[in-house]
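Student: In the numbering used here, the protein residues as written are 152 to 644.
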Amino acid sequence: MVVILRCCPLIQWLSLAVLLGSVVGLGEDLDRPLLGPPGSSIRVHESDPGLKKALAFAEERYNRVSNAMHLRRVSRVISANKQLVKGIRYTLTVELSNTQCKKSTMLRTCDFYPELNQLKTEVCVFEVWDIPWQGASTLLKQKCQPKVEFEVEESNKVEDPSTSQPLEESVELLGRFKEFMTKYNKVYSSQEEVDRRLRIFHENLKTAEKLQALDQGSAEYGVTKFSDLTEEEFRSTYLNPLLSQWTLHQPMKPATPAKGPSPDSWDWRDHGAVSPVKNQGMCGSCWAFSVIGNIEGQWFLKNGTLLSLSEQELVDCDGLDQACRGGLPSNAYEAIEKLGGLETESDYSYTGHKQRCDFTTGKVAAYINSSVELPKEEKEIAAWLAENGPVSVALNAFAMQFYRKGISHPLKIFCNPWMIDHAVLLVGYGERNFFTHLFASFVNNVSPLCSQVKVFPSGPSKTAGGRIMESRVTTTSTGAPMHVGSTRCAHLL
152 MVVILRCCPL
162 IQWLSLAVLL
172 GSVVGLGEDL
182 DRPLLGPPGS
192 SIRVHESDPG
202 LKKALAFAEE
212 RYNRVSNAMH
222 LRRVSRVISA
232 NKQLVKGIRY
242 TLTVELSNTQ
252 CKKSTMLRTC
262 DFYPELNQLK
272 TEVCVFEVWD
282 IPWQGASTLL
292 KQKCQPKVEF
302 EVEESNKVED
312 PSTSQPLEES
322 VELLGRFKEF
332 MTKYNKVYSS
342 QEEVDRRLRI
352 FHENLKTAEK
362 LQALDQGSAE
372 YGVTKFSDLT
382 EEEFRSTYLN
392 PLLSQWTLHQ
402 PMKPATPAKG
412 PSPDSWDWRD
422 HGAVSPVKNQ
432 GMCGSCWAFS
442 VIGNIEGQWF
452 LKNGTLLSLS
462 EQELVDCDGL
472 DQACRGGLPS
482 NAYEAIEKLG
492 GLETESDYSY
502 TGHKQRCDFT
512 TGKVAAYINS
522 SVELPKEEKE
532 IAAWLAENGP
542 VSVALNAFAM
552 QFYRKGISHP
562 LKIFCNPWMI
572 DHAVLLVGYG
582 ERNFFTHLFA
592 SFVNNVSPLC
602 SQVKVFPSGP
612 SKTAGGRIME
622 SRVTTTSTGA
632 PMHVGSTRCA
642 HLL
């Protein structure tokens with residue numbers, strides 16, 4: 152029996168659709184990513200924190216070498232794309248305009264000239280290479296020209312009608328959007344925002360249809376709580392891109408294999424080892440929920456009591472990770488060891504944003520210590536899970552923005568381990584139509600459908616490539632007064 156966890160980013164799903172010719176007329180919207188192969192450039196929303204950092208860096212470098220008397224800053228973002236390399240490469244086309252401040256003044260405190268003739272706007276193309284984990288940024292390219300010349304060049308280009316046609320607001324579309332707003336209590340600040348969210352909703356309906364057409368399992372894709380978000384908004388708010396950078400600080404000793412073969416199927420929810428679904432809110436803290444779910448299950452197996460432990464403690468007190476901006480489960484286990492344990496949810500409740508660490512040693516309810524690495528073979532992971540309890544896994548969740556229920560089975564050839572961005576709790580496995588699969592409970596999913604099970608099937612054991620690429624499964628040991636057990640953390644790339 153071979154068990155496999157598969158993941159596939161939305162960009163690659165849609166690229167595959169184009170290549171196969173199974174769907175046509177994908178359309179293009181400024182809020183949607185560009186189609187392309189793995190590693191291609193995608194559009195970035197102006198709210199993206201990484202984009203804001205890149206813009207500030209480009210401004211600073213521009214003004215450092217500029218001969219102008221006054222500082223200039225970005226007055227308009229024409230386009231912004233990013234590409235995952237060793238770090239992130241941003242390609243920015245922006246308008247830079249004169250401010251009323253001379254170069255000795257802080258850039259962000261300066262206002263633009265009210266008179267158009269004094270703005271002296273330029274259109275610049277910047278390429279910024281950012282390596283977040285090294286705290287390093289480099290300006291790869293800077294090319295500027297007066298705005299008038301740029302507009303003349305643009306006017307000579309043939310307009311793409313797909314970007315200029317108004318949205319066809321059918322009665323059916325408006326009805327579905329109104330139903331969506333009512334069901335998920337959506338309130339927007341202005342009519343302009345309503346129009347924008349309606350357009351995104353419309354594009355997302357088409358995306359969900361394409362995902363449905365491509366899926367090889369029984370998954371159902373459609374309207375979810377996230378249907379008014381762009382892919383970039385969904386990824387930056389709820390997911391965890393740091394997981395793609397998961398590396399271990401030092402080699403780990405191998406875990407003791409399972410003592411016997413695994414049952415045909417197993418679900419730890421049926422055995423009381425999984426706590427009720429929790430809500431991570433508008434915080435990219437999936438890593439914390441995944442780790443806490445893992446420890447809760449193991450504590451139950453060793454002590455007979457299912458505690459609800461504190462994710463907020465990790466968000467506030469884990470100095471190795473970045474709270475709502477993402478984190479690595481391996482770091483979280485190390486941080487818990489250094490802290491001395493975990494408080495309960497009732498003692499240290501979840502707020503969904505980082506605040507001052509309020510950890511109290513006297514309230515510690517669970518402990519962990521030491522780490523080992525589990526086997527990479529999926530059948531060995533399944534056997535180990537059935538014998539030892541739920542594990543924490545990382546996967547790619549782009550297609551999950553519109554997932555509703557069923558078995559999600561993306562095409563394997565477009566799955567890439569470096570695109571993982573979400574951590575969940577793996578609670579069991581089973582068999583279906585001669586295929587075996589691991590399934591994960593999205594204990595940290597914010598959707599009302601969060602109690603649904605995500606299932607990731609594999610092919611028969613003889614199928615070539617039936618193993619997880621660069622799989623890594625790790626284990627830590629728990630400790631408790633008068634009782635010592637073990638906690639496992641699994642990382643599947």
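Where is the CB? At the ideal position from N, CA and C, for every residue including glycine.
1) When you compare each of H221, N355, Y372 to Q363 by their alpha carbons, which one comes out closest?
2) Where do the ends of the beta strand (DSSP E) carrying F277 lie?
3) Going by beta carbon distance, what residues of the same chain come within less than 7 Å of E496, once the five residues before and after it are set aside?
4) Go ahead and label D469 buried or exposed: buried means 16 or more other beta carbons lie within 10 angstroms of its beta carbon, across all protein chains shown.
5) Going by the DSSP bridge assignment, what does K361 pair with across the sheet?
6) Entirely within the stretch 497-557 and at least 4 residues each: give me those alpha helix (DSSP H) ranges in chain order.
7) Classify G411: buried if its beta carbon has 16 or more other beta carbons within 10 angstroms, exposed otherwise.
8) In whole angstroms, what separates the C-alpha of K253 from that of L222?
9) DSSP three-state call for N249: helix, strand or coil?
10) Can you give the Cα-Cα distance for R507 and E210, rounded to whole angstroms?
11) With H, G and I counted as helix, E and B as strand and the rest as coil, what does DSSP make of C475?
12) Please check the pair I519 and I446, which I expect to be a contact at CB under 8 Å, by giving their CB distance rounded to whole angstroms.
13) Do V575 and S441 have their C-beta atoms closer together than 8 Å?
14) Could you pull out every residue in the same chain whose Cβ sits closer than 6 Å to the Cβ of K294, ignoring the five residues on either side in sequence?
15) CA-CA distance, G491 and N454?
16) Is A205 helix, strand or coil when you go by DSSP?
17) Looking at C-alpha atoms only, which residue of V578, G201, N214 is the closest neighbour of I282?
18) By Cβ distance below 6 Å, which residues in the same chain neighbour F208 in space, the five residues on each side in sequence not counted?
19) Counting only the same chain and skipping the five closest in sequence on each side, list residues whose C-beta sits under 7 Å from that of E464.
20) Examine the ligand ADP and report whether any of its heavy atoms sits within less than 7 Å of the Cβ of M220.
21) Rounded to whole angstroms, what's the CA-CA distance from L365 to S559? Just pull it up for me.
22) Could you compute how far the alpha carbon of D199 sits from the alpha carbon of M433?
23) Report yes if the CB atom of H573 is closer than 8 Å to the CB atom of L546, and no otherwise.
24) Could you name the residues that DSSP lists as bridge partners for Q234?
25) For L291, collect the residues of the same chain with a Cβ closer than 6 Å to its Cβ; drop the 5 residues on either side in sequence, then sort them by chain order.
26) Decide if M551 is buried, meaning its Cβ has at least 16 other Cβ atoms within 10 Å, or exposed.
27) Identify whether A483 lies in helix, strand or coil by the three-state DSSP scheme.
28) So, is V195 buried or exposed, given that buried needs 16 or more other C-beta atoms within 10 angstroms?
29) Within 10 angstroms of its Cβ, does S650 collect 16 or more other Cβ (buried), or is it exposed?
30) What is the DSSP secondary structure of Y372, counted as helix, strand or coil?
31) Alpha carbon to alpha carbon, what distance is there between K361 and V274?
32) Please report the distance separating the alpha-carbon of T272 from that of R347.
33) Is it the case that the Cβ atoms of A370 and G581 are separated by a distance below 8 Å?
34) Residue range of the alpha helix (DSSP H) that A219 falls in?
35) Can you give me the Cβ contacts of L235 inside the same chain, cut-off strictly under 6 Å, excluding the 5 residues immediately before and after it?
36) Just tell me which of I193, Y554, V578 has its CA closest to the CA of K376.
Tutor: Checking against the coordinates, here is how it stands:
1) Y372
2) 273-282
3) S459, L460, S461
4) By the neighbour-count definition (other C-beta atoms within 10 Å, threshold 16), D469 is a buried residue.
5) Answer is none; K361 lacks a bridge partner.
6) 529-539
7) Exposed, because fewer than 16 other Cβ atoms sit within 10 Å of the Cβ of G411.
8) 6 Å
9) strand
10) 33 Å
11) helix
12) Rounded, the Cβ-Cβ distance is 6 Å, consistent with contact.
13) yes
14) V276.
15) Using only the alpha carbons, I get a separation of about 19 Å.
16) The answer is helix: DSSP assigns A205 an H, G or I state.
17) G201
18) V279, S288
19) L493, E494, Y499, F510
20) Judged by which ligands are present, the structure shown has none, so any question about the ligand ADP falls away.
21) 10 Å
22) 14 Å
23) yes
24) R240
25) E278, W280
26) Under this definition M551 is a buried residue.
27) Here A483 carries a helix assignment [DSSP, helix/strand/coil].
28) When all chains shown are included, V195 counts as buried.
29) In the structure as shown, the chain starts at 152 and stops at 644, and residue 650 therefore has no counterpart that could be examined.
30) In this structure, Y372 counts as strand in the three-state DSSP scheme.
31) 37 Å
32) 28 Å
33) no
34) Careful: A219 lies outside any alpha helix (DSSP H) and carries neither H nor E.
35) none
36) Y554
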